[in-house]
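Chemist: Numbering (my numbering), first residue to last: 1 to 162.
Just so you know, even glycine gets a beta-carbon here, dropped at the ideal spot from N, CA and C.
(1) Give the straight-line distance between the Cα atoms of residue 127 and residue 156, rounded to the nearest whole angstrom.
(2) Taking C-beta to C-beta, are residue 111 and residue 81 nearer than 8 Å?
(3) I think residue 144 touches residue 96, with their Cβ atoms under 8 Å apart; what is that distance to the nearest whole Å?
(4) Quick check on residue 144: does DSSP put it in helix, strand or coil?
(5) For a test of the three-state rule: what should DSSP assign to residue 86, helix, strand or coil?
(6) DSSP on residue 81, reduced to helix/strand/coil?
(7) Count the other CB atoms, across all protein chains shown, that sit within 10 Å of the CB of residue 124; report buried if there are 16 or more and exposed otherwise.
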């Protein structure tokens, strides 16, 4: 019975663990007729082998590469209160600024130039950093609220609509 193992493809592993498939080309050594006696002057050459790299492994998640220019960041929403705003929060701001003698106007709930200037003076005096001058942001609010009481507490529950 002839040995046909040499005709089957062989898989080897490279140092990088990538499998390589080798397929013999030409007749297999076992299918050739055996020679009566080996010739001492001729050496037997192994069959020619065609090597083909195995396909690369697939990845389950896409890999993103950084682009040359980052996407534009969205414009941040305004934080806090600023000129032109109105409402109960502005009235509370006016009351708190008045408690520290920064604001002398009416507590009418309108963020006008008087409120803006009073708030800017408060920010300058207390060293507020990282907020536009005259804008009631998180740092100004934290400092002002830690040093004053709310409008409703100040007026002892009296609510005049603002």
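Modeler: With the structure as the only source:
(1) On the chain shown, position 127 is the one that residue 127 refers to. On the chain shown, position 156 is the one that residue 156 refers to. So the alpha carbons of these two residues sit roughly 31 Å apart.
(2) Translated into the one-based positions of the chain shown, residue 111 becomes position 111. Translated into the one-based positions of the chain shown, residue 81 becomes position 81. It is a contact, given that the beta carbons lie within the stated cut-off.
(3) Here the question's residue 144 lines up with position 144 in the chain shown. Here the question's residue 96 lines up with position 96 in the chain shown. Yes, residue 144 and residue 96 are in contact; Cβ-Cβ is about 5 Å, under 8 Å.
(4) Here residue 144 is taken as the residue at index 144 of the chain shown, counted from 1. Helix.
(5) Numbered from its first residue, the chain shown carries residue 86 at position 86. Of the three classes helix, strand and coil, the one that applies to residue 86 here is strand, per DSSP.
(6) Indexing the chain shown from 1 puts residue 81 at position 81. Residue 81 falls in the strand class under three-state DSSP.
(7) For the purposes of this step, residue 124 is taken as the residue at position 124 of the chain shown. Answer is exposed; the Cβ neighbour count stays below 16.
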